[in-house]
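S.K.: Supplied in structure tokens, the structure appears directly below.
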Amino acid sequence: MNTLVFQYAVEVARAGSITRAAENLYMAQPNLSKAIRELEESLGVTLFERTSKGVAPTPKGEVFLRYAAKILSQLEQMEAFCRSDEPAARRFTLCCPPASYAMAAYLRFAAALPPGEAITLQTAECAAPEAVERLASGGVQLAVVRLPEGEAQAFEASLEEKGLSSQLIFRYPPCLLLPARHPLAAEPSLAAASLAAYPGLSLFAGAGQTVVLGGDPLALLAALPNAYMWASPLPEETLRRYGLAARRCERPGGERWCDYLLYPQGYLLTPADRAFVDALFLTKNEVAFTELR
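Each residue of the sequence shown is one higher than the one before, starting from 12 at the first, in the working numbering.
Structure follows, in structure tokens:
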């Protein structure tokens, strides 16, 4: 079986539309439809079903796509291994949560790359469900995800069926981020009740606050002098760049957050992957021991 059709199927699932997938693959839509149809006929199963929003994998299609993504990832690793002595371009792809020390780690990793090294860097800041989907479909090599501690056990259990492995990076109480000019930024001590009069931005849907989807949440927070946001601890350099203050404050409910590093089961980290993971844990350790007032 031609593994090229695996790429077609994975892209259709990622795009949720054969038309969009064809555009992303730079091929004609009828040709892509024919390739998917022939793949389904050869397998004897229906991989996709039409919905009001486009196409979605069937239950058997989801299983097939997990296998296909794993095969494509392993093929890419085999090719990279065979090219390891050649000056060919390499690739590093990552999903990470917004407003996170993980992005600071990514910048640190990129800045430390040897001058003139040929590598393609691609990153996206997104919430856990999208990061998991991209990783499971082979769209990225690594993902850092963040979720409330109460959801961690169910989340870890769900990774096995998606063909993913995880490593806990950081479990922490969220810190309060404020614009440096916020009326509360200079207060000697803060309680959650003090925030009631101010608008809150949230990185989690359903948190009862203005949810930030897309864009740069730190830049948005910095532009709103009376707003606040709960986020992971951030490096001092990131806070200075955005003009923000990080404060200690007991969050209502007191629930901690958990950050995980995700990767496909059986995945062999490339040298670039290992360099990023080193930068990630180094940055995490720095922010973990930063004293908040």
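From the three backbone atoms N, C-alpha and C, an ideal C-beta is built for every residue, glycine too.
In this text the structure is predicted, and so the values were computed from the model without any measurement.
Counting pairs of Cβ atoms below 8 Å between the region 164-177 and the region 240-250, do you hit three or more?
M.R.: no
S.K.: To which residues of the same chain is R267 closer than 7 Å at the C-beta, ignoring the five residues directly before and after it?
M.R.: Taking the sequence shown and counting its residues from 1, the one referred to as residue 267 is at position 256. E160, R182, Y183, P184, listed in sequence order.
S.K.: Where does R267 fall in DSSP's three states?
M.R.: As a first step, residue 267 must be located in the sequence shown, where it is residue number 256. Assigned with DSSP and collapsed to three states, R267 falls in coil, not helix or strand.
S.K.: Could you tell me whether the region 132-146 touches the region 241-260, using the rule of 3 or more Cβ pairs below 8 Å?
M.R.: no
S.K.: Examine the Cβ distances between the region 107-121 and the region 290-301 and report whether three or more of them are shorter than 8 Å.
M.R.: Flag = yes, the region 107-121 and the region 290-301 touch.
S.K.: Going by other Cβ atoms of all chains shown within 10 Å of its Cβ, with 16 needed for buried, is R259 buried or exposed?
M.R.: Walking along the sequence shown from the start, residue 259 turns up at place 248. Classification of R259: exposed, given that the 10 Å Cβ count is below 16.
S.K.: Of the residues T62, G72, V66, which one's Cα is nearest the Cα of G55?
M.R.: Position 44 of the sequence shown, counted from the first residue, corresponds to residue 55. Looking at the Cα atoms, G72 is the closest of the given residues.
S.K.: How long is the line joining the alpha carbons of M232 and S205, rounded to whole angstroms?
M.R.: Here residue 232 refers to the residue found at position 221 when the sequence shown is read from its first residue. Here residue 205 refers to the residue found at position 194 when the sequence shown is read from its first residue. For the record, residue 232 in the displayed sequence is Leu; it is not Met. Rounded to the nearest angstrom, the two C-alpha atoms are 18 Å apart.
S.K.: What residues match up with E60 in a beta bridge as DSSP calls it?
M.R.: Stepping through the sequence shown from its first residue, residue 60 is reached at position 49. Answer by DSSP bridge pairing, in chain order: A67.
S.K.: Applying the 10 Å Cβ sphere with the 16-neighbour rule, what's the burial state of Y274?
M.R.: Walking along the sequence shown from the start, residue 274 turns up at place 263. Buried is the call here.
S.K.: For the alpha helix (DSSP H) holding A230, just list the boundary residues, first then last.
M.R.: Residue 230 sits at position 219 when you count from the first residue of the sequence shown. First-last of the alpha helix (DSSP H) with A230: 228-234.
S.K.: How close, in whole Å, do the beta carbons of A79 and I47 come, if the pair is a contact with beta carbons under 8 Å?
M.R.: For the purposes of this step, residue 79 is taken as the residue at position 68 of the sequence shown. For the purposes of this step, residue 47 is taken as the residue at position 36 of the sequence shown. Not a contact, Cβ separation roughly 12 Å.
S.K.: Is K81 buried or exposed, if buried means 16 or more other CB atoms sit within 10 Å of its CB?
M.R.: Numbered from 1 along the sequence shown, position 70 holds the residue referred to as residue 81. The residue is buried, with at least 16 neighbouring Cβ atoms inside 10 Å.
S.K.: Under the three-state reduction of DSSP, which class applies to R314: helix, strand or coil?
M.R.: Outside the modelled stretch of the chain, which goes from 12 to 304, sits residue 314, for which no answer is possible.
S.K.: Taking only runs that begin and end inside the region 140-192, name each unbroken alpha helix (DSSP H) of 4 or more residues, in chain order.
M.R.: 163-170
S.K.: Sort out for me which residues DSSP pairs R258 with in a bridge.
M.R.: As a position in the sequence shown, residue 258 is number 247, starting the count at 1. Answer is L187.
S.K.: From P263 to L188, what does the alpha carbon distance come to, in whole angstroms?
M.R.: Taking the first residue of the sequence shown as 1, we reach residue 263 at position 252. Taking the first residue of the sequence shown as 1, we reach residue 188 at position 177. About 15 Å.
S.K.: Taking buried to mean at least 16 other C-beta atoms within 10 Å of its own C-beta, is A9 buried or exposed?
M.R.: There is no way to answer for residue 9, as the model of the chain reaches only from 12 to 304.
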